[in-house]
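Numbering-wise, my numbering puts 441 at position 50 of the sequence shown, and it's gapless, one number per residue. Reviewing the structure listed below.
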Amino acid sequence: MEVLQVANPKRKWSKARTGKRRSQWKLSAPTLVSCPQCHKLTTPHRVCMECGYYDGKDVLKKAEAK
Ligand SMILES: [Zn+2]
392 MEVLQVANPK RKWSKARTGK RRSQWKLSAP TLVSCPQCHK LTTPHRVCME CGYYDGKDVL
452 KKAEAK
């Protein structure tokens, strides 16, 4: 069987290119809103973990009762 030896790049992307791409990585602070029920800071569009309310209803208590 014939083995072909072809010049092969050591890596697909240079370290500089990788570094430039990763230089755009940033951590963003989570958006916080105050809960309309208990007025504590919570993430929007999520059940408030302090009082378990979402959309004016106690959704956690309802789920636990089942
Ligand atoms: Zn709350």
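A virtual CB, placed ideally from N, CA and C, is assigned to each residue, including glycine.
Residue i to residue j span [Cα, whole Å]
i, j, result
"residue 406", "residue 399", "17 Å"
"residue 403", "residue 423", "40 Å"
"residue 410", "residue 416", "10 Å"
"residue 396", "residue 408", "27 Å"
"residue 419", "residue 413", "15 Å"
Cβ neighbours of residue i in the same chain (closer than 7 Å, five flanking residues each side left out)
i, result
"residue 421", "434"
"residue 447", "none"
Where residue i falls, given that 16 or more other Cβ within 10 Å makes a residue buried
i, result
"residue 429", "exposed"
Any non-hydrogen atom of ligand 1 closer than 6 Å to residue i Cβ
i, result
"residue 338", "This structure does not reach residue 338, given that the chain is present from 392 up to 457, and the question cannot be answered."
"residue 445", "no"
Proximal residues to residue i (C-beta, below 8 Å), its chain only, five neighbours per side dropped
i, result
"residue 438", "444, 445, 450, 451"
"residue 432", "423, 424, 425, 426"
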